[in-house]
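Worksheet for the structure shown next.
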Amino acid sequence: MEIINFENDVELLSKDELGAALNLDKKEIRKNKKSVLVTMFLSKHSDEVSKRKMYKNYSSRFALHPTKVQELFNITSTERKRWTGERKLKVDHYDSFQKWGKTIEYPMYDAFELSKLSQETIELWREEHKTKVRENRKKASKKSVETMRKNQDIRREFYDSEWKKLLRQWFKTNSELGATFQLSFWTMWLSRWAKEFQSKACRARTKGNEYNQKKEQFYQLKNDALALLVLSPYTKLSFYCPPSPHKIFDLQFCSNHYELWCSLREFEYIPKWEFFEDYKNVISNCNDCTFSQVDHYYSLYYLSVESGEFPEFDFSFHTPYPIGEVFFPPKDTLNSVLHEEQEGMFRFGRTLFDDEKIIFTEKEVLKHFNEARQKYLLYFPTS
Ligand SMILES: [Zn+2]
Numbered sequence: 119m120e121i122i123n124f125e126n127d128v129e130l131l132s133k134d135e136l137g138a139a140l141n142l143d144k145k146e147i148r149k150n151k152k153s154v155l156v157t158m159f160l161s162k163h164s165d166e167v168s169k170r171k172m173y174k175n176y177s178s179r180f181a182l183h184p185t186k187v188q189e190l191f192n193i194t195s196t197e198r199k200r201w202t203g204e205r206k207l208k209v210d211h212y213d214s215f216q217k218w219g220k221t222i223e224y225p226m227y228d229a230f231e232l233s234k235l236s237q238e239t240i241e242l243w244r245e246e247h248k249t250k251v252r253e254n255r256k257k258a259s260k261k262s263v264e265t266m267r268k269n270q271d272i273r274r275e276f277y278d279s280e281w282k283k284l285l286r287q288w289f290k291t292n293s294e295l296g297a298t299f300q301l302s303f304w305t306m307w308l309s310r311w312a313k314e315f316q317s318k319a320c321r322a323r324t325k326g327n328e329y330n331q332k333k334e335q336f337y338q339l340k341n342d343a344l345a346l347l348v349l350s351p352y353t354k355l356s357f358y359c360p361p362s363p364h365k366i367f368d369l370q371f372c373s374n375h376y377e378l379w380c381s382l383r384e385f386e387y388i389p390k391w392e393f394f395e396d397y398k399n400v401i402s403n404c405n406d407c408t409f410s411q412v413d414h415y416y417s418l419y420y421l422s423v424e425s426g427e428f429p430e431f432d433f434s435f436h437t438p439y440p441i442g443e444v445f446f447p448p449k450d451t452l453n454s455v456l457h458e459e460q461e462g463m464f465r466f467g468r469t470l471f472d473d474e475k476i477i478f479t480e481k482e483v484l485k486h487f488n489e490a491r492q493k494y495l496l497y498f499p500t501s
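Per the numbering used here, the very first residue in the sequence shown carries number 119; after that it's consecutive.
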């Protein structure tokens with residue numbers, strides 16, 4: 119492994135540079151061949167101090183390219199970058215090149231300084247790094263154990279104390295109310311987990327199927343619970359029908375109505391759906407216009423749970439009509455609500471916050487939901 123070779127390297131100096139080092143004037147420099155000047159230089163400046171001086175003065179000329187450094191010391195580019203960052207490999211200067219319109223800089227290494235490095239030193243650095251990685255790993259795993267313990271404490275605090283206090287408070291007032299609130303409470307967390315899995319499924323690159331299955335499972339449990347909750351005197355079920363509740367698709371105008379649309383568009387652009395909305399009655403009654411429709415696709419069932427005794431608790435759940443019509447009473451038997459009537463109604467379900475995930479883990483939610491469901495069935499048996 120030869121990084122520098124003084125006798126060869128001296129050849130890289132120009133005649134003027136050699137002459138200047140030898141204190142020759144211009145005439146003497148011109149008179150002599152370069153090989154002569156090199157020989158003179160070598161005989162006069164071969165001691166360690168002069169060598170160092172030459173490498174220092176012309177360091178950029180001898181600087182080593184990154185790939186060369188990797189080859190010489192048999193190190194990876196990751197190792198080279200790490201030890202460059204730690205200033206263990208001395209950089210002489212930075213060069214750059216253009217790539218895809220960007221200027222990329224790379225270090226050129228000081229050959230003289232690197233020539234003093236031994237393979238043993240490199241091995242020592244490697245060992246040091248391994249030890250550091252091991253220690254960091256230990257620290258990280260210790261920290262994660264601590265976090266787990268801390269989270270366990272937070273969970274225990276909630277389930278052993280706060281949650282029991284809530285239950286006692288509810289059931290002491292009235293056991294039907296207690297059972298209703300208990301089930302509503304866990305249905306709310308179930309619904310948040312369903313939303314969580316839904317949003318995870320949308321973002322997932324590989325586990326999309328798994329999340330979708332979880333989402334389905336949680337929504338199914340939620341719907342089962344809503345079908346039960348409707349039996350309680352503390353719940354109120356209403357129906358919300360938006361201004362255009364039906365889903366229309368495969369819309370085809372007959373030639374007459376198509377022409378009407380065209381003639382209206384001579385004045386301003388009218389989207390197809392807007393034209394349909396404006397002329398809905400005419401088009402619906404036209405024998406030649408065709409479209410398919412899912413009734414009340416955009417309508418909602420709205421289930422709210424509340425009691426005057428606990429105004430701080432109110433639970434509310436939305437269910438799209440096509441899903442709810444399977445297990446809820448017919449919409450015509452229900453109160454209709456208008457958008458303006460209840461502001462709170464449009465607080466739609468949300469995903470979970472990070473700190474909520476500590477207490478309301480998927481496992482705890484399922485466990486407590488099942489308990490709540492069992493308890494509820496004691497008060498509101500279905501058969
Ligand atoms: Zn028509």
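No residue lacks a Cβ here, since even glycine has one placed at the ideal position from N, Cα and C.
Practice problem: Can you tell me the Cβ-Cβ gap for R198 and Q188, rounded? I've got them flagged as a contact below 8 Å. | Solution: Locating residue 198 in the sequence shown gives position 80, where the first residue counts as 1. Locating residue 188 in the sequence shown gives position 70, where the first residue counts as 1. Contact flag correct, Cβ pair sits at about 6 Å.
Quiz item: Within 8 Å: the Cβ of F371 and any heavy atom of ligand 1?
Solution: Stepping through the sequence shown from its first residue, residue 371 is reached at position 253. F371 Cβ: within cutoff of ligand 1.
Exercise. Tell me, please, whether the segment 132-143 touches the segment 154-163 by the rule of three or more beta-carbon pairs shorter than 8 Å.
Key: Judged by pairs of C-beta atoms under 8 Å, the segment 132-143 touches the segment 154-163, as three or more such pairs exist.
Quiz prompt | Reduced DSSP category for L182 - H, G, I as helix; E, B as strand; rest coil | solution = Counting from 1 along the sequence shown, the entry for residue 182 is found at position 64. Looking at L182 - three-state DSSP - the assignment turns out to be strand.
Quiz item: From E334 to S317, what distance separates their C-alpha atoms?
Solution: Position 216 of the sequence shown, counting from 1, holds the residue named residue 334. Position 199 of the sequence shown, counting from 1, holds the residue named residue 317. Approximately 13 Å, taken between the alpha carbons.
Practice problem: Identify, in the order they occur along the chain, each residue of the same chain with its Cβ nearer than 6 Å to the Cβ of S454, setting aside the five sequence neighbours on each side. | Solution: Your numbering for residue 454 matches position 336 in the sequence shown. Closer than 6 Å at the Cβ level, and outside the excluded window around S454, lie F357.
Quiz item: Taking 8 Å as the cut-off, does the CB of C407 come closer than this to any heavy atom belonging to ligand 1?
Solution: On the sequence shown, position 289 is the one that residue 407 refers to. Yes, since a heavy atom of ligand 1 falls inside the 8 Å radius drawn around the Cβ of C407.
Quiz item: What is the rounded straight-line gap between the Cα of R468 and the Cα of S309?
Solution: Here residue 468 is taken as the residue at index 350 of the sequence shown, counted from 1. Here residue 309 is taken as the residue at index 191 of the sequence shown, counted from 1. Going by C-alpha positions, R468 is about 8 Å away from S309.
Quiz item: With distances taken from CA atoms, which of F431, L207, N126, F487 is nearest N341?
Solution: Position 223 of the sequence shown holds residue 341. N341 has its Cα closest to that of F487, out of F431, L207, N126, F487.
Quiz item: Hey, W304 and F336: beta-carbon distance below 9 Å or not?
Solution: To locate residue 304, count along the sequence shown from 1; it is residue 186. To locate residue 336, count along the sequence shown from 1; it is residue 218. Cβ atoms of W304 and F336: not closer than 9 Å.
Practice problem: From the DSSP output, read off the bridge partner residues of V455. | Solution: Working through the sequence shown from its first residue, we reach residue 455 at position 337. Beta-bridge annotation (DSSP): V455 is paired with Y358.
Practice problem: Would you check whether ligand 1 has a heavy atom nearer than 8 Å to the C-beta of I401? | Solution: As a working note, residue 401 is residue 283 in the sequence shown. Within the cutoff, so yes.
Quiz item: Is the segment 172-182 close to the segment 217-229, with three or more CB pairs under 8 Å?
Solution: The segment 172-182, when compared against the segment 217-229, does touch it at the 8 Å Cβ threshold.
Quiz prompt | Secondary structure of H247, DSSP reduced to three states | solution = Mapped onto the sequence shown, residue 247 falls at position 129. Three-state result, H247: helix.
Quiz item: Quick one: Cα of E489 to Cα of D368, how far?
Solution: On the sequence shown, position 371 is the one that residue 489 refers to. On the sequence shown, position 250 is the one that residue 368 refers to. For E489 and D368, the distance between alpha carbons rounds to 47 Å.
Quiz item: Can you find a heavy atom of ligand 1 that lies under 8 Å from the Cβ of C380?
Solution: By 1-based counting over the sequence shown, the position of residue 380 is 262. Incorrect: C380 has no Cβ contact closer than 8 Å to ligand 1.
Exercise. Could you pull the start and end residues of the beta strand (DSSP E) that E223 belongs to?
Key: As a first step, residue 223 must be located in the sequence shown, where it is residue number 105. Residues 220-227.
Quiz item: With 16 other CB atoms within 10 Å as the buried threshold, where does S417 fall?
Solution: Within the sequence shown, residue 417 is the residue found at index 299, counting from 1. So S417 counts as buried.
Practice problem: Express the C-alpha separation of T353 and P440 in angstroms, rounding to a whole number. | Solution: One-based indexing of the sequence shown puts residue 440 at position 322. One-based indexing of the sequence shown puts residue 353 at position 235. Those two C-alpha atoms are separated by around 21 Å.
Self-check item: Secondary structure of L232, DSSP reduced to three states
Solution: In the sequence shown, residue 232 corresponds to position 114, counting from 1. DSSP places L232 in the helix class (H, G or I) of the three-state scheme.
Exercise. Examine ligand 1 and report whether any of its heavy atoms sits within less than 8 Å of the Cβ of N522.
Key: Nothing about residue 522 can be reported from this structure: the residues present for the chain run from 119 to 501 only.
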